[in-house]
Amino acid sequence: MAKPKRIGVLTSGGDCAGLNAVLRAVVLRAAGHYGWDVIGIRNGTAGLLERPVEADILQMEPGLFDGTLLRRGGTILGTTNKGDPFDYPLPDGRRVDRSAEVIEGYRRLGLDALIGIGGDGSQAILRRLARQGGIDLVTIPKTIDNDLGHTELSIGYSSAVSVATDALDHLQPTAASHSRVMVLEVMGRDAGHIAIAAGIAGGADVILIPELPYSLEGLAAKIEQLKAGGRNFALVVVAEAVKTEKGEAVKQTQASGGVNYGGIGHYLAARIAETTGSETRVTVLGHLQRGGQPSDRDRLMASIFGMHAVDLIAAGCFDRMVAWSGRTVVDIPIAEAIAGYKAVDLDGPLVHTARGLGIYLGEFAA
Ligand code: F6P
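Take a look at the structure:
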């Protein structure tokens, strides 16, 4: 009989709903089924920089997942979307390469393999570490932005779409009661996947995504058309990366010096008020899209992905990302997975449907 393995697991990048459900599946399969040791590494690769590295790990047993964790947002391991070990920020502002320390931490834990749960940026870092340090790595895609090519779904996306759809359900009655145009700004980084899916599901009249240019005239014309038809309200969904009509991205600088998208909703609401005379209000959904209970879809994908990742390790298959494709779970080389960025498909069914329903999506070439 093969010697039981000792594997590590970490969550990396921005959190999302469904991460604890992935951890649960990994532990139930690896510890519960194969009888392996599962070591939870805290705060992404930062946990491997701790010394002694054993002091801050989480020994993960199936019993840990008996209760609420399947249903709970966030990640019990913690995570970070800063602190790239190859370009690690020091308090004095300098940046240093700490990759060798991370690899040394991994070695000290005596691990046979590592499961990394992350988006494209995290997976690129983990793969670089794996190649440099000879780490047997398997990755699981997670990002509310759903922008990883080669997987139809990433963990967190479905829950984020549910939250945004729910927000539209809450906004519609108050919009109708006060005869207002409600602007809902959603996340998605450079892609409009959350905006278009939630916009269709939530009955939006206007959906603006970064993949398509829009004009204020076109947007105003849609609102005037609704008014002319007797409608007293409108719902506008805008993805955070949509630019102003001058082509400028709207961003916020954080205390860390990092820059995030944010603010296009307020910009648009002001322009809509100016051009149509409508009373507008803005909701910036922000991190509500990341922290809540995972949707049934995310829990299901988490269970499937977590189990498949462990089975890949059992089969000795490494440097692979699990993915969902053609209604089944598959795995592909990590390099291929992170190279394949996925924007909203302008010839795809969602764009086709939105246009067919009369939603203003922006300007299409004639
Ligand atoms: O990539 C996930 C995401 O939530 C984006 O949609 C958003 O632009 C960004 O992360 C926000 O990051 P932070 O957690 O740093 O606010």
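What the sequence shown shows, in my numbering, is residues 4 to 369, in sequence order.
Quick reminder that beta carbons are idealized off the backbone N, C-alpha and C, glycines included.
For clarity, every value in this text was computed on a predicted model and none was experimentally measured.
**Item:** residue 63: CB within 7 Å of a non-hydrogen atom of the ligand F6P
**Value:** The beta carbon of residue 63 sits no closer than 7 Å to any heavy atom of the ligand F6P.
**Message:** Going by DSSP in three states, residue 324 sits in which element: helix, strand or coil?
**Reply:** For residue 324, the secondary structure class from DSSP, reduced to helix, strand or coil, is strand.
**Prompt:** Can you tell me whether residue 367 is buried or exposed, with buried defined as 16 or more other CB within 10 angstroms of its CB?
**Reply:** exposed
**Request:** Report buried or exposed for residue 113, applying the criterion of at least 16 other Cβ atoms within 10 angstroms of its Cβ.
**Result:** So residue 113 ends up on the exposed side.
**Prompt:** For residue 205, does the count of other Cβ atoms within 10 angstroms reach 16, so buried, or fall short, so exposed?
**Reply:** buried
**Prompt:** Taking the alpha carbon of residue 49 as the point to measure from, which residue in 36, 71, 162, 88 has its own alpha carbon closest?
**Reply:** 88
**Rounded C-alpha distance that separates residue 3 from residue 284** = Any answer about residue 3 is impossible in this case: the structure gives the chain only from 4 up to 369.
**Request:** Look up residue 263 in the DSSP assignment and give the residues it is bridged to.
**Result:** 255
**Beta-bridge partners of residue 370, as assigned by DSSP** = Nothing can be reported for residue 370: it is not among the residues displayed for the chain, which extend from 4 to 369.
**Message:** Looking only at its chain, what residues have a beta carbon closer than 7 Å to the beta carbon of residue 216, apart from the 5 residues adjacent to it on each side?
**Reply:** 365, 366
**Cβ distance (whole Å) where residue 226 is taken to contact residue 184 below 8 Å** = The Cβ separation is near 6 Å, so the contact holds.
**Request:** Assign residue 2 to buried or exposed, taking buried as 16 or more other Cβ atoms, counted over all protein chains shown, within 10 Å of its Cβ.
**Result:** Nothing can be reported for residue 2, as the shown portion of the chain is limited to 4 through 369.
**Item:** Residue-level contact to chain C via CB, residue 23, 8 Å cutoff
**Value:** The structure shown contains no chain C; it holds only a single protein chain.
**Asked** Using the beta-carbon count (16 or more within 10 Å), is residue 311 buried or exposed?
**Response** buried
**Request:** Would you tell me roughly how many angstroms separate the C-alpha atoms of residue 200 and residue 289, rounded to the nearest one?
**Result:** 16 Å
**Any non-hydrogen atom of the ligand F6P closer than 7 Å to residue 263 Cβ** = Yes - the ligand F6P has a heavy atom lying nearer than 7 Å to the Cβ of residue 263.
**Message:** Within the continuous beta strand (DSSP E) that includes residue 119, where are the two ends?
**Reply:** 116 to 121
**Asked** Start and end of the beta strand (DSSP E) containing residue 13?
**Response** Counting along the chain, the unbroken beta strand (DSSP E) around residue 13 starts and ends at 9 to 14.
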